[in-house]
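**Student:** Let me give you the structure first, and then I'll get to my questions.
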Ligand SMILES: [Zn+2]
């Protein structure tokens, strides 16, 4: 095991951040509009609702937040689930991590935000539906760090969470996702491996695949990394339902991160090295050229060669109207599960290693 990159409170932490209780309670749980974990009693579990953006009716969306505040000081790790609303395994994984924590024996804090994009979660849909424009939906993972004075409710919601919950408290973060409805995903990390602390975290996860990824603008992961808060995105398989085997491995990797940082006692579980995790730095997309019904010739985690047939498509009469080949040698990371396939839609994505010499 390599040396531990110590996590010290990041320098941008505003000294003035305090907890603001609104005075409201929801189902007996206090509501906060701002949280400083330093204000919470050590050695205990805490639950609050974070007051997010207002709805058009004037009421607010409230995000359930759990904090396991260790008896002893240490870093604060954030666990975020439900930025996309149809990614239920993210919620189960974070719940299971929190249930295993005993604050009395912890040195540091774990803060969990569950079901961040409230209206998307309520309707089990990926994107946040708004009232504007007759119901324009927004991708809630392309707008971080948000803007409290932004033009849309999801942007404002992200800004509130960022300014008043995440950025002031977190030293490290893990954002849990799955693939979106209609597809399926291996157990997979997006991680900017150029960052030593991020690489160390990624190597602690016993996942199928890791993509070394500089990060997409607007994702929560990229917002964290840009703010010098080491972070990665954990993709836990299929959407809508719980994916129990992948959830268990995601929990094991997350607990490894907490153990290696000394927040939680105990020996490490399995890591990437022990499960022969495949690393790549490219994700080749195969998109359909025709409308039709899709038949997969390979499935998740299968190795493929460049040029290998991976899927075909039939019209309503059963004739083959398109066949698809892998453009690279790699492993299957994402597949379409919806058999009906419009032109241009994602058939498959293959994780592969780009030629470094060609940049
Ligand atoms: Zn997602």
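Numbering (the working numbering), first residue to last: 554 to 912.
We put the beta carbon where it would ideally sit given N, CA and C, even for glycine.
Keep in mind the model is a prediction, meaning the values are calculated, not measured.
Could you name the residues that DSSP lists as bridge partners for residue 765?
**Tutor:** Residue 765 is bridged to 744.
**Student:** Closer than 7 Å: is that where the CB of residue 878 sits relative to any heavy atom of ligand 1?
**Tutor:** Result no, Cβ not under 7 Å from ligand 1.
**Student:** Taking all protein chains shown into account, decide if residue 579 is buried (16 or more other Cβ within 10 angstroms of its Cβ) or exposed.
**Tutor:** Per the 10 Å Cβ criterion, exposed.
**Student:** Helix, strand or coil for residue 803 per DSSP?
**Tutor:** Helix, per DSSP.
**Student:** For residue 640, verify whether its CB is less than 7 Å away from any heavy atom of ligand 1.
**Tutor:** Yes; taking the cut-off as 7 Å, the Cβ of residue 640 has a heavy atom of ligand 1 nearer than that.
**Student:** Using the three-state DSSP reduction, which class does residue 798 fall into: helix, strand or coil?
**Tutor:** Of the three classes helix, strand and coil, the one that applies to residue 798 here is helix, per DSSP.
**Student:** With H, G and I counted as helix, E and B as strand and the rest as coil, what does DSSP make of residue 870?
**Tutor:** Residue 870: coil per DSSP, three-state reduction.
**Student:** Is there at least one non-hydrogen atom of ligand 1 closer than 7 Å to the beta-carbon of residue 730?
**Tutor:** Flag set: Cβ of residue 730 near ligand 1.
**Student:** Give me the Cα-Cα distance between residue 823 and residue 877, rounded to the nearest whole angstrom.
**Tutor:** Each residue's alpha carbon lies about 36 Å from the other.
**Student:** Taking 8 Å as the threshold (C-beta atoms), are residue 834 and residue 757 in contact?
**Tutor:** No, the pair does not count as a contact, with Cβ atoms beyond the cut-off.
**Student:** Suppose the cutoff is 7 Å on Cβ atoms and the five residues either side in sequence are ignored; what does the same chain contact list for residue 674 look like?
**Tutor:** Closer than 7 Å at Cβ, skipping near neighbours: 635, 638, 668.
**Student:** Let me make sure I understand the geometry here. Which of 623, 633, 847, 814 has the alpha-carbon closest to that of residue 894?
**Tutor:** Closest option to residue 894, Cα to Cα, is 847.
**Student:** Three-state secondary structure (DSSP) at residue 709?
**Tutor:** Residue state, collapsed to three classes: helix.
**Student:** Closer than 8 Å is the cut-off here; do at least three beta carbon pairs connect the stretch 727–740 with the stretch 573–589?
**Tutor:** Result no; under three Cβ-Cβ pairs closer than 8 Å.
**Student:** Going by beta-carbon coordinates alone, are residue 622 and residue 590 separated by less than 8 Å?
**Tutor:** Yes; because the gap between Cβ atoms is below 8 Å, this pair is in contact.
**Student:** Expressed to the nearest angstrom, what Euclidean distance is found between the alpha-carbon atoms of residue 852 and residue 859?
**Tutor:** Roughly 16 Å separates the two Cα atoms.
**Student:** Taking 8 Å as the CB-CB cut-off, is residue 874 touching chain B?
**Tutor:** Reference to chain B is not applicable here, since this structure consists of a single protein chain.
**Student:** Run through DSSP, which three-state label would residue 727 get?
**Tutor:** Three-state result, residue 727: strand.
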